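Numbering (the working numbering), first residue to last: 945 to 1089.
Idealized CB from N, CA, C, for every residue including glycine.
Computed from a prediction, not measured in an experiment: that's the story for all the values here.
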Amino acid sequence: MQRLKKLADSRVRVVDDQGRSYARGGRKTSQASVWLSEGSGNIMVNKMSHDLYFRQLDHRVHILEPFCVTNTLGKFDVKALVRGGGLSGQAGAVRHGISRAIQLFDPSLRLPLRRGGYLTRDPRIVERKKPGRAKARKGFQWVKR
């Protein structure tokens, strides 16, 4: 615990000349570039409101989790560009990028994000299909006679 406190104290705030922090996030085959600045809680994904881009409630909640953990809901504006994969992977990539941008903007918020697992990239990707099999692991139907 002492070491974690020391690390949190030694980190510095990383923002550009416009007061924005930038981070990249990833999940499955999706990659997100996220810019975070102080504001009123406006979240734009690919130049659309996150409510319009992510229609499923699960995806919208997934994106807002880093703000809930750090008690910063409605305090930051987010602009995200995401490409690749499907909507679930894109939501995960945006969440990962938001988490990394928050901890760059305010290093004191790193500990709750780290404890919640929001700063760790999920390494799981789709396993490739193998030759002689129906899918990655599923074999063809076997007939005894």
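| Asked | Found |
| --- | --- |
| Using only alpha-carbon positions, find the residue among Ala-1045, Gly-1029, Met-992, Ile-1069 that is nearest to Ser-977. | Ala-1045 |
| Is DSSP giving Glu-1071 helix, strand or coil here? | coil |
| On a CA-only basis, which of Asp-961, Arg-1039, Gly-1018 is nearest Gly-1060? Give me that one, please. | Arg-1039 |
| May I ask you to report which of helix, strand or coil DSSP gives Ser-907? | This structure leaves residue 907 out entirely; the chain is present only between 945 and 1089. |
| For Arg-955, count neighbouring Cβ atoms within 10 angstroms of its own Cβ and tell me buried if that reaches 16, exposed if not. | exposed |
| Under a three-way DSSP split, which group does Gly-970 fall into? | strand |
| Considering only C-alpha positions, which residue in the set Phe-1049, His-1006, Leu-1055 is nearest to Gln-962? | Phe-1049 |
| Tell me the rounded alpha-carbon separation between Arg-1068 and Arg-1058. | 19 Å |
| Going along the chain, which residues of its own chain have a beta-carbon closer than 7 Å to the beta-carbon of Asn-990, five neighbours each way excluded? | Tyr-997, Leu-1025, Val-1026 |
| Have a look at Gly-983, His-994, Pro-1010 and flag the residue whose alpha-carbon is nearest the alpha-carbon of Thr-924. | Any property of residue 924 remains undetermined from this structure, which presents the chain solely from 945 to 1089. |
| So for Arg-1027, helix, strand or coil by DSSP? | strand |
| For Val-956, which residues does DSSP report across the bridge? | Looking at the DSSP assignment, Val-956 forms no beta bridge with any residue, so it has no partner. |
| What does a CB cutoff of less than 7 Å around Lys-1079 pick up in its chain, not counting 5 residues either side in sequence? | Lys-1073 |
| Identify whether Gln-975 lies in helix, strand or coil by the three-state DSSP scheme. | strand |
| Between Gly-985 and the ligand ZN, is there a pair consisting of the residue's CB and a ligand heavy atom that are separated by less than 7 Å? | Questions concerning the ligand ZN fall outside what the structure shown contains, since it holds no ligand whatsoever. |
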